[in-house]
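Start counting the sequence shown at 4; every next residue gets the next number (the working numbering).
Glycine included, every Cβ here is placed at the ideal spot set by N, Cα and C.
Below you'll find the structure, written out as structure tokens, and then a few comments.
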Amino acid sequence: MDGYHPALVHHSFFEDVLKPRIGRGMGFIVGPQSPAKSVALGNGHALIDFRAFDRKAILGADKPKSEQDWHDAVRARLADRPDYAEAVITCNGGDGFNLLVYPNLVLINNQIRVIHPVSYDRTEVFAYPVTLEDVAPEINAARIRAHEDFYGPASFGAPDDIEMFQRQWDGMLRTPAMEWLYYDRGLDQEEPLGADGRQSHVSDETAHRGIWRRWLQLMEGA
């Protein structure tokens with residue numbers, strides 16, 4: 004749940020796959036001028052919010068044919084509700100948001116992820132690609148292809164994430180002098196959001212702080 008790791012960990016994906024399609028690299032999405040946000044929603048719930056991007060402006064007319072096919076299918080099926088059709092397209096695939104429902108349910112694009120802590124040194128993560136009922140076949144085909152492209156075992160995303168997790172764990176085990184991890188990035192830039200929330204730039208650690216703030220509340224109340 005952070006907005007800064009993709010620029011480094013997924014650099015090859017954004018340079019080799021995304022940039023040729025839209026003419027811009029990862030800096031467009033998570034750089035200093037990005038409108039994307041890191042959000043603490045309260046009660047430990049957290050959000051990495053990319054919805055400020057207009058997907059048409061990002062992808063334009065260069066959508067791959069399979070994606071364009073299902074966009075067309077949605078618009079045809081919902082021709083009497085064009086605004087709803089565009090909302091369906093925006094919320095299914097591509098950018099959007101990563102949402103953590105505290106403590107262990109994550110919604111990422113077309114995927115539901117469940118985090119299962121087993122012990123202090125082992126955590127299992129189950130990822131479930133989601134398909135839809137009563138839609139054109141092109142829609143679910145595009146959803147599965149999108150999942151495979153980034154989250155499959157030989158994809159552009161998940162293998163890099165797993166390598167990063169392992170290296171972080173190895174580093175912490177071999178650095179006994181490091182007692183604490185500090186999540187203070189962007190602390191001075193946070194803005195209030197609603198009654199209990201806070202938000203800041205997507206590369207800040209506002210979401211992290213919201214998660215651990217709730218953890219501390221629960222531990223102190225135990």
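Could you give the distance in angstroms between the alpha-carbon of residue i and the alpha-carbon of residue j?
i: V91; j: R148; result: 18 angstroms
i: H119; j: N112; result: 20 angstroms
i: L221; j: H8; result: 28 angstroms
i: I165; j: F16; result: 15 angstroms
i: H13; j: F159; result: 7 angstroms
i: T126; j: F168; result: 11 angstroms
i: R217; j: N46; result: 6 angstroms
i: R188; j: E208; result: 5 angstroms
i: P35; j: A55; result: 14 angstroms
i: L21; j: E223; result: 45 angstroms
i: E193; j: T134; result: 36 angstroms
Evaluate residue i with the Cβ neighbour count: other Cβ atoms within 10 Å of its Cβ, from every protein chain shown; 16 or more gives buried, anything less gives exposed.
i: T178; result: exposed
i: R212; result: buried
i: R202; result: Note that residue 202 is Gln in the sequence shown, not Arg. Buried is the call here.
i: L108; result: exposed
i: R146; result: buried
i: V117; result: exposed
Quick check on the DSSP output: the beta strand (DSSP E) that includes residue i runs from which residue to which?
i: A130; result: 125-132
i: R54; result: Premise fails: R54 is in no beta strand (DSSP E) and is neither H nor E.
i: V31; result: Before going further, note that residue 31 is Phe rather than Val in the sequence given. No beta strand (DSSP E) holds F31; the alpha helix (DSSP H) holding it covers 30-33.
Between which residues of its own chain and residue i is the CB-CB distance below 6 angstroms, once the five residues before and five after are set aside?
i: E141; result: D72, W73, A76
For the alpha helix (DSSP H) containing residue i, list its first residue and its last residue.
i: Q169; result: 161-176
i: Q220; result: 209-224
Near residue i, which residues of its chain fall below 8 angstroms by C-beta distance, leaving aside the five closest residues on each side in sequence?
i: Y154; result: Q114, A130, P132, G160, A161
i: E18; result: G28, M29
To the nearest whole angstrom, what separates the beta carbons of residue i and residue j, a pair I think is in contact under 8 angstroms?
i: L50; j: L102; result: 5 angstroms
Sorted by chain position, which residues of the same chain lie with C-beta nearer than 7 angstroms to residue i's C-beta, five sequence neighbours on each side aside?
i: H150; result: N113, Q114, P132
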